[in-house]
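Asker:
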Amino acid sequence: MVLVDRRAGLKGSICVPGDKSIAHRALFFAAQAYGATLIIGLPEGSDVNASLNAIEKLGAKVSLSVGEDGIVSAMVEGWGIDGPKLQMPEDVHTVDCGNSGTTARFILGMLSGYPIKISLDGDSSLKSRPMRRLLDPLCSMGLSCSSCTWPIEICGVERLKPITVELPVASAQMKTALLFAALRASGTSRIVEPAASRDHTERLAEAFDIKLVKLSDENGFEITGPQAPCAPCDPIVIPGDFSSAAFWIAAALCIPESDLTIEGVGLNPTRLGFVKALQAMGANVSAECIDDGVSEPYGRIRAAYTERVRPCETPANESATFIDEVPLLAIMCARATGDSLIRNIGELQLKECDRLAAVIDMLSQCGINARVIENEDGSLDLAICGKTQFKVPDGIKVSAYRDHRIAMAWAVLSAACHVQIRLDAGDIDSISISYPGFLDEFSHRLGYAPIVRVE
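The working numbering puts the first residue of the sequence shown at 318, with every later residue one more than the last.
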């Protein structure tokens, strides 16, 4: 197998697609709002497309446009407090959520307060992901559900009962789905998490004139319904996705002679746990905020090759701030001679695949010992025994388990070791869930393809 010699690392600047988490939430708020909302900077991955298709099917009017700079915008006219506008509302309407657990959970919460029948479906990966943790509190509010297995058939009610709930884990998706339901409840709901999760929902709620009260002594809020969002006068501008930027950050830190700046990326403090952990490890990475207003803060991140990093132990109560970046943090821990511990990341078992097992498999392919530690409280930690020098076998065929983040992490690991690995078509195609152009741009900037597609 012949490779092009890489004479230089990743240099210059780059922009990444719009933030997937913010895009989902903006679309669902806009669909429920009075008036029309302009959303600028939508990413083009299949997950966000699932949400776009869903709100259109439920009666929101969506008009898409693409600027000369390639940025995608959506004008969304919502249905207001009257609810979704369905033809033949007495029928059961099927909504295909594709691979998007976010879409499915948000629909469950949003439609709980409307007397319509919906059947949620999705691909095989989505059908393997449990929904009972969300359906149980929604049913206590008044939602009717045929079962917790897929396809999930629900029928909402005109007025939900308010709820007081302490979530078992910090989950921005659960929190958001319950907030959507609470908008249709008659009374005050109280939603509390054991630790802080990403706060895009709370920020967007303010933009859409939703009244909620943040709790001073707990991670959560109270919200009194019924309420309906109001479309903001100013557009919702979506910054670059930090989780997409993280692949470039990790690659720049691992590839010699790299010095890369990611421009226009979201710098929400509840998403920066990865940067915080890297800095604690001694990595050459910094974030500079350009705008830190009421809406989403954004700026630039600079990452440069760091030959040696220290092992780390992450705080258990901060795992939600870097949960999507764990595969990349694991690669960095593998490069640190000594023992690292990434704490409280059991939620990875409920992603597109068992992402915790996938990370352990990935590290084992290059001779790194990693294992899961189960604590007395049931939480799971990932222990990694790193070493400065390790290698992925050149030309090896591996599996990403149809998980977009594992597939892109393999690309970073392969480039860091200057080898090519082989992934099958399904694994490579999974990248389109969140970052369709990643492999092409990554290969172009490297000067060679770190991943070879095999049919």
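We treat Cβ as the ideally placed atom computed from N, Cα and C, and that holds for glycine. Just so it is clear, the structure is predicted and the values come from calculations on it, not from any experiment.
Leaving out five residues on either side along the sequence, give the residues of the same chain with a beta carbon under 6 Å from the beta carbon of A620.
Answerer: For A620, where only same-chain residues beyond five positions count, the Cβ hits under 6 Å are I566, A569, L570, L577 and V602.
Asker: From the DSSP secondary-structure annotation, give me the bridge partner or partners of H517.
Answerer: H517 is not bridged to any residue.
Asker: Based on the DSSP secondary-structure assignment, which residues constitute the bridge partners of N661?
Answerer: According to DSSP, N661 bridges with nothing at all.
Asker: When you compare only the Cα positions, how much space is there between K478 and D534?
Answerer: For K478 and D534, the distance between alpha carbons rounds to 25 Å.
Asker: How is E539 classed by DSSP in three states: helix, strand or coil?
Answerer: Note: E539 maps to strand in three-state DSSP.
Asker: What's the C-alpha gap between S457 and G473?
Answerer: Rounded to the nearest angstrom, the two C-alpha atoms are 12 Å apart.
Asker: Please return the same chain residues whose Cβ sits closer than 6 Å to the Cβ of C734, not counting the five positions on each side in sequence.
Answerer: The answer, listed in chain order, is K708 and V709.
Asker: Just how far apart, CA to CA, sit L595 and L646?
Answerer: Distance between the alpha carbons of L595 and L646 is about 8 Å.
Asker: Answer yes or no: do P468 and L437 have a C-beta to C-beta separation smaller than 8 Å?
Answerer: Yes, Cβ-Cβ distance for P468 and L437 is below 8 Å.
Asker: By Cβ distance below 6 Å, which residues in the same chain neighbour A524 in space, the five residues on each side in sequence not counted?
Answerer: Contacts found: P549.
Asker: Using beta-carbon positions only, say whether L673 and L665 come within less than 8 Å of one another.
Answerer: Their beta carbons are under 8 Å apart, which means L673 touches L665 by this criterion.
Asker: Would you tell me roughly how many angstroms separate the C-alpha atoms of L320 and A766, rounded to the nearest one?
Answerer: Note that L320 scores 41 on pLDDT, short of 50, meaning its location in the model is unreliable and no value can be drawn from it.
Asker: State the beta-bridge partners of I768 as determined by DSSP.
Answerer: Answer is I738, bridged to I768.
Asker: Quick one: what does DSSP say A600 is sitting in, helix, strand or coil?
Answerer: DSSP places A600 in coil when its eight states are reduced to three.
Asker: For E630 and A728, I'd like the C-alpha separation in whole angstroms.
Answerer: Using only the alpha carbons, I get a separation of about 25 Å.
Asker: In whole angstroms, what is the alpha-carbon distance linking E635 and G590?
Answerer: So the alpha carbons of these two residues sit roughly 7 Å apart.
Asker: Among P546, D364 and A499, which one has its Cα closest to the Cα of E669?
Answerer: With distances taken between Cα atoms, E669 lies closest to D364.
Asker: Kindly indicate which three-state DSSP category C683 falls into: helix, strand or coil?
Answerer: Coil.
Asker: What are the boundary residues of the alpha helix (DSSP H) that A732 is part of?
Answerer: H721 to A733 is the span of the alpha helix (DSSP H), which, as asked, contains A732.
Asker: Give the secondary structure of G387 by DSSP, where H, G and I count as helix, E and B as strand, and everything else as coil.
Answerer: Three-state DSSP puts G387 in coil, outside helix and strand.
Asker: Inspect the CB distances between the stretch 341–349 and the stretch 375–395 and report whether three or more fall short of 8 Å.
Answerer: Touching, yes, given that three or more Cβ pairs across the two stretches are closer than 8 Å.
Asker: Kindly list the residues whose CB is nearer than 6 Å to the CB of L484, restricted to its own chain and excluding five residues on each side of it in sequence; keep chain order.
Answerer: Cβ within range, chain order: M491 and E510.
Asker: Within its chain, find whatever has a CB closer than 8 Å to the CB of Q682; leave out the 5 residues flanking it on each side and keep chain order.
Answerer: Once the five neighbours on either side are set aside, the close Cβ partners of Q682 are V709, P710, I713 and V715.
Asker: What three-state label does DSSP hand I480 in the structure shown?
Answerer: In this structure, I480 counts as coil in the three-state DSSP scheme.
Asker: Three or more beta-carbon pairs under 8 Å between the stretch 435–449 and the stretch 503–517, yes or no?
Answerer: Short answer: they don't touch.
Asker: Going by other Cβ atoms of all chains shown within 10 Å of its Cβ, with 16 needed for buried, is L699 buried or exposed?
Answerer: Under this definition L699 is a buried residue.
Asker: Label Y431 either buried or exposed according to how many other C-beta atoms from any shown protein chain fall within 10 Å of its C-beta, with 16 as the threshold for buried.
Answerer: Counting Cβ neighbours within 10 Å, Y431 comes out buried, since at least 16 surround it.
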